[in-house]
Every structure is written in C-alpha cells, then in structure tokens.
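Using this note's numbering, the first residue of the sequence shown is number 2, and each one after it goes up by one.
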Amino acid sequence: MRSVSGSNVPTLPVSAPSVPAVMSVVSTGGVVRANSTSRTSRSLIGSSCVTAEEESAPSATSYSPANSFIGDLSTVFFFPAGFMIVGPLRSLCKKAPRIFLAMNPQVVFVLGGPGAGKGTQCAKIVENYSYTHLSAGDLLREERSRTGSKVGQLIDNYIKEGKIVPVEITINLLKKAMEETMQKDENKFRFLIDGFPRNEDNLQGWVEVMDGKADVKFVLYFDCSNDVCIDRCLERGKSSGRTDDNKESLEKRMKTFLQSTRPIVERYEKQGKVRTIDASRTVCEVFADVKSIFDREG
C-alpha cells in the first residue's frame with residue numbers, strides 16, 4: 002500500500018475488478034488481498050451515486066464511512082474505514098450506487114380499527130422517541146399523485162379499474178421510504194408502520210420481500226370497541242372531509258378489520274409480539290400506556 006501525497010491515509014492501488022465477483026478487500030499486515038465472501042446479514046441500502054471528482058482529476062476519491070460498501074446488485078466491494086480509492090476502481094465508484102452498511106430497520110407495526118387513534122398516537126411517539134412514522138395508505142396516495150411516476154400511474158390504473166394494488170408495490174414503497182430515511186440520517190432506523198399488514202396477503206408479501214432486511218420488534222395494537230371507533234370517525238368526518246367517514250362505510254371497514262386484520266394480530270400474539278392498548282380512553286390516558294411500552298422496549 003502507499004499513501005496519497007500529503008496524507009497518511011492508506012490507499013488501494015488496484016486494477017478494475019471483475020464485475021460478477023462479490024469480493025471483500027481485507028488488509029492484513031500491510032498486504033491487501035481479495036477474498037470471496039458470503040452475503041452479509043446486514044441490510045445494504047441506498048440508491049444515490051457515489052460523489053467523485055471528474056475522471057481526469059489525479060487525486061483520489063475519499064470513502065471514509067466506517068464499514069461502508071460500494072457496488073451494485075452484482076458486485077459489492079468492502080473497504081475498511083480510512084482507505085481511499087484510486088486508479089481504475091474510481092470509475093466503478095462513480096457509476097455504482099452508494100450503499101451504506103447499517104443495521105436492519107427496526108419496525109413496529111401499528112394496528113387497530115378505524116378510529117382507534119393510531120395516527121394520533123403515532124404522532125406522539127414520534128415527538129417523544131426516535132421513530133419515523135410511515136403510513137402505507139399515505140405512501141400509495143403520494144406516489145399516485147407524483148408527476149411522472151410510472152409506479153404512480155400503475156397505482157392509478159389499478160384503482161380506476163377497481164382492482165387491489167399489488168402488495169409488492171405497497172411493500173416496496175415502504176422499503177424505499179425506510180431506505181431514504183436511513184440514508185439521510187443513519188440514526189433514524191426505527192419505524193412505525195401504520196395500518197399494515199392489513200391481511201394475510203400483506204403479511205406474506207412482507208415476509209417475501211423484507212425477510213432478513215427488517216426486524217419487526219412488536220405489534221402495537223390499539224383495541225377499541227366498534228361503537229367507540231364508529232362514533233369517533235363520524236365526529237372526525239364533520240371536519241376531515243374524508244368521504245369514508247360515514248356510518249355505512251365505517252361498518253364495512255370495521256367488518257373488514259375484524260375478518261382480515263384481527264387474525265394477523267392473533268398470529269403475532271402467539272409469538273408474544275403484541276402489545277395491546279385499551280384505546281377507548283382519552284388521548285393522554287392511552288399515551289401513558291404507550292409511553293410505558295416504549296420506555297421499556299425502546
């Protein structure tokens with residue numbers, strides 16, 4: 002190894018690697034060797050390109066975050082913190098997405114019937130703890146309205162045709178939102194996912210896409226009687242402008258919740274992963290119980 006002029010940071014004078022290989026570069030006793038490696042158990046996330054100087058520039062490109070990865074879906078190269086990338090490898094770095102090695106996202110599923118207070122309590126959790134609130138429904142609506150989005154157009158087509166949006170789209174929007182949040186701030190790796198999974202299809206889709214890529218800490222379940230939920234939604238509908246906050250729609254939504262979502266809660270209960278809150282009380286009383294859970298479990 003050699004040092005960049007004027008710097009004590011070691012460099013890797015390597016030739017362009019073969020793209021199909023997944024390699025890790027390890028420094029041992031001053032010798033750099035390339036070894037095949039198995040897929041890391043940690044998540045590789047991110048999509049923005051590595052920032053580099055123009056190819057004609059002679060200086061090296063610094064890549065300093067501890068335990069960082071660069072690469073694409075077919076190639077991942079590991080460089081210990083403090084190394085600098087020089088030579089032909091720099092052109093690969095410019096083209097490859099920048100991918101951080103971070104712990105898996107920590108997820109809390111937030112479930113409960115319409116009017117149980119999920120959104121209200123999620124907002125208070127975000128205020129008091131280092132969590133990011135994600136709503137599957139909001140993400141679908143935002144993507145649908147985003148100008149020029151092919152996925153948004155696809156969502157719009159499904160809705161116009163009266164079809165259910167494929168669960169893969171919903172989950173990949175959640176995945177993208179988590180990745181973008183963690184890219185902006187590596188300390189933001191805890192997420193509240195509100196109103197998901199709603200049914201067995203949601204759960205199976207989550208397992209297929211996110212197994213090993215996100216850790217479900219527990220399910221926060223807001224338990225509330227049908228009558229209380231419906232009364233709250235009807236009151237909310239007076240000012241919210243939501244067309245589904247009417248008695249007929251609410252009764253259908255409650256029926257769907259009991260038939261489709263409640264079995265998901267029961268499945269997680271068997272795993273000891275459900276934290277049930279009596280949501281029929283005031284906002285402050287409910288949050289007192291929520292706070293005790295997050296103080297204990299983080």
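Where a beta carbon is used, it is the ideal one built from N, C-alpha and C, also for glycine.
Beta bridge counterpart(s) of residue i as assigned by DSSP
i	result
residue 132	Answer by DSSP bridge pairing: none, since residue 132 is not bridged.
residue 310	Here the chain comprises residues numbered 2 to 299, so residue 310 is not present and cannot be evaluated.
residue 258	Answer is none; residue 258 lacks a bridge partner.
residue 294	Note: residue 294 sits in no beta bridge, so no partner.
residue 191	107
residue 112	222
Whole-angstrom distance between residue j and residue i, CA atom to CA atom
i	j	result
residue 206	residue 223	23 Å
residue 262	residue 148	32 Å
residue 166	residue 280	30 Å
residue 178	residue 135	8 Å
residue 277	residue 292	13 Å
residue 306	residue 162	Outside the shown range of the chain, which is 2 to 299, sits residue 306, and nothing can be said about it.
residue 160	residue 258	20 Å
residue 104	residue 218	13 Å
residue 248	residue 228	11 Å
residue 110	residue 220	5 Å
residue 113	residue 184	30 Å
residue 265	residue 201	7 Å
residue 298	residue 150	38 Å
residue 130	residue 290	14 Å
residue 275	residue 164	31 Å
residue 233	residue 139	20 Å
residue 273	residue 157	38 Å
residue 115	residue 255	7 Å
residue 210	residue 180	14 Å
residue 212	residue 271	19 Å
residue 235	residue 128	27 Å
residue 120	residue 284	11 Å
residue 253	residue 267	21 Å
Proximity test, Cβ basis, 8 Å: residue i and chain D
i	result
residue 184	The question asks about chain D, but that chain is absent: this structure has only one protein chain.
Other residues of its chain near residue i: CB distance less than 6 Å, five sequence neighbours each side excluded
i	result
residue 231	251
residue 4	The predicted position of residue 4 is uncertain, since its pLDDT is 47 and thus under 50; a value taken from the coordinates is nonetheless stated next. Result list for residue 4: empty, nothing under 6 Å.
Cβ-based neighbour list, residue i, same chain, cut-off 7 Å, excluding 5 preceding and 5 following
i	result
residue 117	223, 225, 230, 280
residue 168	202, 203, 206
residue 108	192, 194, 215, 216, 217, 218
residue 199	261, 262
residue 269	220, 275
residue 141	156, 166, 171, 174
residue 240	none
Cβ-based burial, residue i [other Cβ within 10 Å; buried from 16]
i	result
residue 123	buried
residue 84	For residue 84, the predicted structure reports a pLDDT of 38, less than 50, and the residue's modelled location is therefore unreliable. A value from the coordinates is still provided. Buried.
residue 144	buried
Cβ separation of residue i and residue j, assumed to be a contact under 8 Å, to the nearest whole Å
i	j	result
residue 171	residue 133	Wrong, their Cβ atoms sit about 17 Å apart, outside the cutoff.
residue 193	residue 294	At roughly 12 Å, the Cβ-Cβ gap does not stay under 8 Å, so residue 193 and residue 294 are not in contact.
residue 197	residue 137	4 Å
Chain-order list of residues whose beta-carbon lies under 8 Å from that of residue i (same chain, five-residue window excluded)
i	result
residue 1	Here the chain comprises residues numbered 2 to 299, so residue 1 is not present and cannot be evaluated.
residue 146	153
residue 287	118, 122, 223, 278, 279, 280
residue 282	none
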